[in-house]
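Okay, structure first, notes after.
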Amino acid sequence: MPIQKHPKKREPSWKEWDKLAQKEGIRHAVYDVSGDVYTGEWKNNKKHGKGTQEWKSRGSTYDGDWFEGMRHGFGTYSVRVDDSYAKEYAGGWKNDKKHGYGTNFYSPKEYYEGEWYAGKRSGWGRMYYADGSTYEGEWFDDKQSGKGILKLANGNRYEGLWKNGMKNGAGRFLYLDKGQVYTGNWLDDTPKCGALEDYRRESATSPPVYPLPKCCLENPIQVLEDAKELLF
Numbered sequence: 020m021p022i023q024k025h026p027k028k029r030e031p032s033w034k035e036w037d038k039l040a041q042k043e044g045i046r047h048a049v050y051d052v053s054g055d056v057y058t059g060e061w062k063n064n065k066k067h068g069k070g071t072q073e074w075k076s077r078g079s080t081y082d083g084d085w086f087e088g089m090r091h092g093f094g095t096y097s098v099r100v101d102d103s104y105a106k107e108y109a110g111g112w113k114n115d116k117k118h119g120y121g122t123n124f125y126s127p128k129e130y131y132e133g134e135w136y137a138g139k140r141s142g143w144g145r146m147y148y149a150d151g152s153t154y155e156g157e158w159f160d161d162k163q164s165g166k167g168i169l170k171l172a173n174g175n176r177y178e179g180l181w182k183n184g185m186k187n188g189a190g191r192f193l194y195l196d197k198g199q200v201y202t203g204n205w206l207d208d209t210p211k212c213g214a215l216e217d218y219r220r221e222s223a224t225s226p227p228v229y230p231l232p233k234c235c236l237e238n239p240i241q242v243l244e245d246a247k248e249l250l251f
């Protein structure tokens, strides 16, 4: 009986081309129509693993971890300045947003280091401002909120509660240049009821000519408590 040979079944050409077009594993540069380019790892046609994305239109790059097409893990985002790139953010990411611990540079002299949640400063963090002042404490929804300390460039500082980026609640402001301290309650950055006293006047750089007069109220603590009830 003659031997019969059966030709191998061949898949349609489009299936072969489709396999070659699938992005899986490590790939060299992959461009899109806008000129943006990604170099790195893929999984199921999505950026996944380690990779670098360059956005031509934005003039920015991201180098770090990806998960199912989004920045996720640790990575560095940089923006073009003249002929080079300057680091803007380095730290944690989740679902394409800053998340976890990271450092963000707003300018060469102004930056934040601390915790992030869904792209906003939230948790504990320290902010360095261009004028030389610093804030260290709690944040929520990209604003100072909770307990925190603001240190001004001249040495004066506020220690107390914050809400919506302003002094709100109990706190004290140390005017070290004048040798005075205000202790009391604040509402939207304005001291509302409290006591102003001399504080280390002998070491102050520019104290007032005369010390503060003594408070002669019969019950100053009760006066402040009554004022708090009216205001808050």
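Residues 20 to 251 (the numbering used here) make up the sequence shown, in order. By construction, the Cβ of each residue, glycine as well, lies at the ideal position given by its N, Cα and C atoms.
Name the two residues that bound the continuous beta strand (DSSP E) containing residue i.
{"i": "Gly110", "result": "103 to 113"}
{"i": "Gly253", "result": "Because the chain is modelled from 20 through 251, residue 253 falls outside the range shown and cannot be assessed."}
{"i": "Leu206", "result": "199 to 206"}
{"i": "Leu215", "result": "209 to 217"}
{"i": "Ala48", "result": "44 to 50"}
{"i": "Ser79", "result": "79 to 86"}
{"i": "Ala189", "result": "185 to 194"}
{"i": "Ser97", "result": "89 to 100"}
{"i": "Tyr57", "result": "56 to 62"}
{"i": "Glu73", "result": "65 to 74"}
Does the separation of the CB atoms of residue i and residue j fall below 9 Å?
{"i": "Gly83", "j": "Lys62", "result": "no"}
{"i": "Gly110", "j": "Trp135", "result": "yes"}
{"i": "Glu107", "j": "Phe93", "result": "no"}
{"i": "Trp158", "j": "Ser152", "result": "no"}
{"i": "Glu221", "j": "Val200", "result": "no"}
{"i": "Asp55", "j": "Glu73", "result": "yes"}
{"i": "Gly88", "j": "His67", "result": "yes"}
{"i": "Thr80", "j": "Tyr96", "result": "yes"}
{"i": "Asp207", "j": "Asn187", "result": "yes"}
{"i": "Lys75", "j": "Lys42", "result": "no"}
{"i": "Lys211", "j": "Trp205", "result": "yes"}
{"i": "Leu193", "j": "Glu178", "result": "yes"}
{"i": "Lys170", "j": "Trp181", "result": "no"}
{"i": "Gly148", "j": "Glu129", "result": "Sequence inspection shows Tyr at residue 148; the Gly mentioned does not correspond to that position. The answer is yes: Cβ separation under 9 Å."}
{"i": "Asn175", "j": "Lys162", "result": "no"}
{"i": "Gly190", "j": "Thr209", "result": "no"}
{"i": "Val52", "j": "Gly78", "result": "no"}
{"i": "Gly121", "j": "Trp85", "result": "no"}
{"i": "Gly138", "j": "Lys116", "result": "yes"}
What do you get for residue i, buried or exposed, if any count of 16 or more other CB atoms within 10 angstroms of its CB means buried?
{"i": "Tyr229", "result": "exposed"}
{"i": "Tyr50", "result": "exposed"}
{"i": "Asn238", "result": "exposed"}
{"i": "Lys233", "result": "exposed"}
{"i": "Trp33", "result": "With a pLDDT of only 44 at Trp33, under the threshold of 50, the placement of this residue in the model should not be trusted, and no figure is reported."}
{"i": "Arg141", "result": "Looking at the sequence itself, residue 141 is Ser, so the reference to Arg does not match. Its Cβ being crowded by 16 or more others within 10 Å, Ser141 is buried."}
{"i": "Glu244", "result": "exposed"}
{"i": "His47", "result": "exposed"}
{"i": "Arg90", "result": "buried"}
The ligand ZN heavy atoms versus the CB of residue i: any closer than 8 Å?
{"i": "Tyr125", "result": "The model depicted lacks the ligand ZN and carries no ligand whatsoever."}
Closest Cβ-Cβ distance between residue i and chain D: below 9 Å?
{"i": "Arg219", "result": "Of the protein chains in the structure, only one exists, and it is not chain D."}
Inset, instruction - Only counting runs of 3 or more residues, tell me where the beta strand (DSSP E) segments fall wholly within the stretch 105 to 168, in order along the chain. - result: 116 to 126, 129 to 136, 139 to 147, 153 to 159
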